[in-house]
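Below: the structure, in structure tokens.
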Amino acid sequence: MLEELLEDLNPAQREAVSAPVGPVLVLAGAGSGKTRVLTRRIAWLLASGERPSAILAITFTNKAAGEMAERVRRVVGERADGLWVFTFHAACARMLRLHPELGGLRPGWSIYDQDDARRLLERTIRRLDLDTKRFPPRAIAAELSLAKARLVDPERFTEVATGLYERQVATIYRAYQAALREANAADFDDLIGLVVGGLTERPELAEYWQRRFRHVLVDEFQDANPAQHELVRLLAREHQSVFAVGDVDQSIYGFRGADPEGVLAFEERFPGARVVTLEQNYRSTNAILELANAVIAQNRRRYAKHLFSELGAGEPALRYQASDERDEAQWVAAQLRRLVADGTPVDEIAVIFRTNAQSRPLEEALSEAGLPFRVVGGVRFYERREVRDLLAYLRLLENPDDDVALVRVLNVPRRGIGRGSEEALAAAARLRGRSMLRLLREEGVGVLGLTPRQERSLERFVALVDTLSDAASKLRPAELLDLVVAETGYLEYLNEDDPITVEGRLENIAELRASAEEFEDLASFLERAALISAVDEAMGAGGVTLLTAHAAKGLEFDVVAVVGLEEGVFPHARSLVEAEGVEEERRLFYVALTRARRALLLSSARRRSSWGEPLYNPTSRFLEELPTELVEDAAVGERLWDAPALVRVVTPTSPRTQRRHPWREGQRVFHARYGEGSIRAVIPRGIDEELVIAFEGAGERRFFASMVKLRALEG
DNA sequence: AGACAGCCAATTTTT
DNA sequence: TTGGCTGTCT
């Protein structure tokens with residue numbers, strides 16, 4: 029049984045998987061099978077008789093966590109039940125959900141994502157009478173995030189603050205943390221920080237978790253920040269069984285506090301650690317690996333490592349210098365079209381750029397070339413306004429102290445509660461030391477000194493929230509969501525607000541409902557909604573993938589085009605003035621190159637307009653670093669019309685445009701809340717339909733067919 | 001309270 | 001170029 033788990037592994041992979049229990053560091057080059065090693069190690073531990081619930085496997089993305097759980101399950105089946113395979117944030121959220129006191133939180137606490145955190149921070153800055161020009165919330169948020177990543181709390185921040193500016197930031201930090209606490213909320217960084225704090229200061233809880241997790245495994249270890257390193261250290265304190273897999277050469281999140289030095293310090297932190305290096309690559313041709321090796325060899329701070337593969341010599345990279353970004357995009361499109369005509373599937377192709385802003389000309393050129401494509405990481409699902417609005421309602425029901433959620437929904441849909449009312453409410457709440465909703469409930473609107481009209485609006489809002497609250501404990505999350513939509517008149521609001529976008533927004537709400545459907549309790553649904561970025565949601569549809577180098581990490585494609593190889597673009601201008609900046613950019617370029625299995629296209633533009641202004645950047649230094657014998661220059665002027673006609677183009681279709689149920693007038697239906705009724709009218713609304721249903725006792729109600737949960741009755 | 005026009009600023013970003 | 005915010009007008 030144990031031996032079986034090692035059969036198809038190479039010697040280095042075997043050594044890692046079967047290492048005796050204790051600290052193990054696996055330095056895994058790109059494409060060297062690190063996920064396979066990690067999942068096999070979990071299977072190995074289970075096969076050795078370890079309980080699943082004693083194992084905590086940590087990743088950075090939900091996608092990676094999902095894949096790992098899936099792969100473990102494939103190997104060990106139901107013996108994987110009870111295993112914790114989570115992101116750092118999800119693992120901490122789960123611990124805090126089980127033990128809110130670990131982080132000084134009360135049950136029902138909220139997770140604030142970047143947007144919520146930024147809003148709270150902005151309010152905090154204004155409240156301190158500081159200028160948001162001088163203290164831009166975005167920049168301050170980044171600074172505080174970095175501080176938290178380094179476990180610098182407000183007290184420590186104050187101690188090390190030099191100069192007036194830093195001292196004021198320290199004041200903001202302190203006030204912001206107080207505001208979070210009052211709202212019974214934790215931001216992303218706090219999820220880690222609060223658990224670390226709790227494990228440090230609460231021995232009885234620390235003991236529980238340290239006993240529970242006999243083994244901690246960490247993927248993408250080079251991306252862990254000091255707070256996360258400390259978390260791993262604390263969790264593994266009792267058993268010292270840490271299995272960390274990482275590649276310093278792929279550390280591309282230094283700007284967010286990731287600390288690849290932590291990889292290098294692993295052996296000090298965990299004495300007696302075994303270190304295994306995986307250098308055999310199972311992904312790319314040797315030409316691609318030699319290009320990547322040559323680039324990364326220019327970096328100083330790294331463990332020397334030389335990737336090789338048995339997948340043949342391969343073809344040199346094709347390089348093209350375009351006149352401008354449009355020319356560049358057209359060249360890429362022409363090349364891709366040729367490759368597709370020759371049989372490369374479109375979803376085995378990626379175009380990688382440094383910044384999202386570069387995608388537009390590529391989208392245009394691919395459209396013109398008739399190639400289907402998808403852009404990864406535009407506006408993300410959970411960042412869409414309608415999704416956030418509805419989640420805010422749900423959050424408020426779970427956590428009445430969540431002022432950020434309250435402010436978000438206070439006047440959405442518009443109900444006559446304007447800035448004046450909001451400010452009066454915020455001030456009064458602050459003065460009386462309670463949250464806004466609590467103040468309204470406990471003291472009424474009378475204490476705010478508002479006009480009768482404003483008071484009435486606020487009272488109506490409180491009545492609405494109370495109605496929803498009463499239902500909250502009785503309904504499943506998806507049903508509660510329906511109720512929120514119905515009671516607030518949210519669909520009508522969307523339609524009035526912007527009829528053009530309403531169709532897409534309805535789809536989003538339907539999708540939110542579908543994901544709510546998977547949950548039995550509100551807290552877990554909200555936790556998931558806050559922690560998932562739904563990057564995965566873009567995956568699946570066929571087409572050329574357009575994405576940033578950051579988003580490309582962990583993915584692989586037959587063909588990769590890396591565009592915009594100019595000084596100031598890639599490497600990014602900002603990196604040129606930062607210490608270690610260019611080295612991180614070089615790692616990013618290395619990540620981009622190593623995504624390719626068979627072929628690489630590299631391009632640059634002599635002229636590129638950015639924000640309307642033309643820029644003339646020299647070609648990227650990274651291009652100069654490539655071995656000349658592995659780079660071939662493309663013929664100048666090769667264009668779309670030189671490429672062969674397409675054999676076939678796969679056009680993505682949206683599965684959600686299909687109707688779920690053919691509702692018809694006169695149909696008898698059952699609704700969980702309103703009971704039995706009959707359909708009075710079916711009105712087409714874009715891709716959706718609006719149903720007018722007359723209920724016995726509940727009167728006439730309107731729903732969108734894609735969202736309402738109805739059971740068809742006979743007759 | 002809400003609509004609108006002008007102004008400024010602008011990486012990457014798993015969570 | 002876009003989007004987000006501020007201040008003014010209705």
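Following our numbering, the numbering of the first sequence begins with 29 at its first residue and continues without gaps. Even glycine gets a Cβ: it sits at the ideal position worked out from N, Cα and C.
Quick one, which of the options has its alpha-carbon nearest residue i's?
i      : options                        : result
Pro599 : Leu651, Cys120, Leu575         : Leu651
Ala71  : Ala93, Ser81, Val104           : Val104
Phe465 : Leu126, Arg541, Tyr421         : In the sequence as displayed, the identity of residue 465 is Leu instead of Phe. Among Leu126, Arg541, Tyr421, the Cα nearest to that of Leu465 is on Tyr421.
Val224 : Ala58, Ala177, Val113          : Ala177
Ala203 : Asp510, Arg155, Pro254         : Arg155
Val113 : Gln41, His578, Phe241, Glu289  : Phe241
Arg615 : Glu414, Ser279, Tyr348, Ser552 : Ser279
Gly640 : Tyr521, Val437, Glu353         : Glu353
Asp144 : Ala207, Gly136, Phe283         : Ala207
Arg329 : Glu289, Ala341, Val415         : Glu289
Gly221 : Gln205, Ala58, Arg416          : Gln205
Val360 : Pro48, Ala662, Gln695          : Ala662
Among residues of its own chain, excluding the 5 on either side of residue i, which ones have a beta-carbon nearer than 7 Å to its beta-carbon?
i      : result
Ala301 : Pro51, Val52, Leu53, Phe294, Glu295
Val45  : Leu33, Leu34, Leu37, Val65, Arg68, Arg69, Trp72
Gly517 : Pro441
Residue i by DSSP, collapsed to three states: which one?
i      : result
Arg684 : Because Arg684 carries a pLDDT of 28, less than 50, the predicted location of this residue cannot be relied on, and no value is offered for it.
Glu318 : helix
Ser81  : helix
Thr115 : strand
Gly274 : strand
Ser395 : helix
Ser799 : Any property of residue 799 remains undetermined from this structure, which presents the chain solely from 29 to 743.
Ile70  : helix
Ile537 : helix
Tyr193 : helix
Thr89  : coil
Thr313 : coil
Tyr140 : strand
His243 : strand
Ile324 : helix
Tyr745 : The question about residue 745 has no answer here: the residues shown for the chain are numbered 29 through 743.
Ser173 : helix
Arg466 : helix
Ala596 : This sequence places Gly at residue 596; Ala is not what is there. In this structure, Gly596 counts as strand in the three-state DSSP scheme.
Tyr348 : strand
Gly705 : strand
Gln308 : strand
Phe381 : strand
Determine the direct distance from the alpha carbon of residue j to that of residue i, and round the result to whole angstroms.
i      : j      : result
Ala673 : Asp370 : Per-residue confidence for Ala673 stands at a pLDDT of 44, beneath the threshold of 50, marking its modelled position as unreliable; no derived number is given.
Ile537 : Val188 : 46 Å
Arg692 : Arg708 : 9 Å
Val100 : Arg68  : 7 Å
Gly477 : Ala452 : 8 Å
Ile316 : Ala56  : 17 Å
Val197 : Asp375 : 47 Å
Asp157 : Asn212 : 24 Å
Gly110 : Val260 : 20 Å
Glu414 : Val440 : 10 Å
Val587 : Thr647 : 22 Å
Go through its chain and collect everything with a Cβ distance to residue i's Cβ below 8 Å, but skip five positions before and after it.
i      : result
Phe723 : His699, Tyr702, Gly703, Glu704, Gly705, Arg729
Val572 : Leu364, Val374, Asp375, Ile377, Ala378, Val379, Leu394, Leu399, Pro400, Phe401, Arg402
Glu356 : Tyr348, Ala350, Pro389, Val591, Gly592, Ser631, Ser632, Ala633
Apart from the five residues on each side of it in sequence, which residues of its chain come closer than 6 Å, Cβ to Cβ, to residue i?
i      : result
Ala558 : Ile139, Asp141
Leu419 : Ala557
Val677 : For Val677, the pLDDT reaches just 35, beneath the cut-off of 50, and the residue's location in the model is therefore unreliable, leaving the point undetermined.
Leu219 : His117, Cys120, Ala121
Gln386 : Gly592
Gly568 : Residue placement at Gly568 is poorly supported in this model, since its pLDDT is 49, which falls under 50; the coordinates still yield a value, given next. Excluding residues within five positions, none has a Cβ falling inside 6 Å.
Would you say the beta carbon of residue i is closer than 7 Å to some non-hydrogen atom of the ligand ATP?
i      : result
Val473 : The ligand ATP is not among the ligands present in this structure, which contains no ligands whatsoever.
Exercise for the section: Evaluate the contact criterion for the region 143-157 versus the region 169-187: three or more CB pairs, one atom per stretch, below 8 Å. Expected result: yes
Handout entry: the region 581-592 / the region 368-383 touching (three or more Cβ pairs under 8 Å)
Key = yes
Exercise for the section: Spell out a yes or no on whether the region 114-129 and the region 425-433 are touching, meaning 3 or more CB-CB pairs, one atom from each, closer than 8 Å. Expected result: no
Practice task
Please determine if the region 335-344 and the region 307-314 are in contact, where contact requires at least 3 C-beta pairs separated by less than 8 Å.
Solution key: yes
Problem - Three or more C-beta pairs below 8 Å linking the region 533-550 and the region 498-508 - result: They touch, by the three-pair rule.
Practice task
Could you say if the region 313-332 and the region 617-626 meet the contact criterion of at least three C-beta pairs nearer than 8 Å?
Solution key: yes
Practice task
Pair every Cβ in the region 229-247 with every Cβ in the region 268-277, then say whether three or more of these pairs are closer than 8 Å.
Solution key: yes
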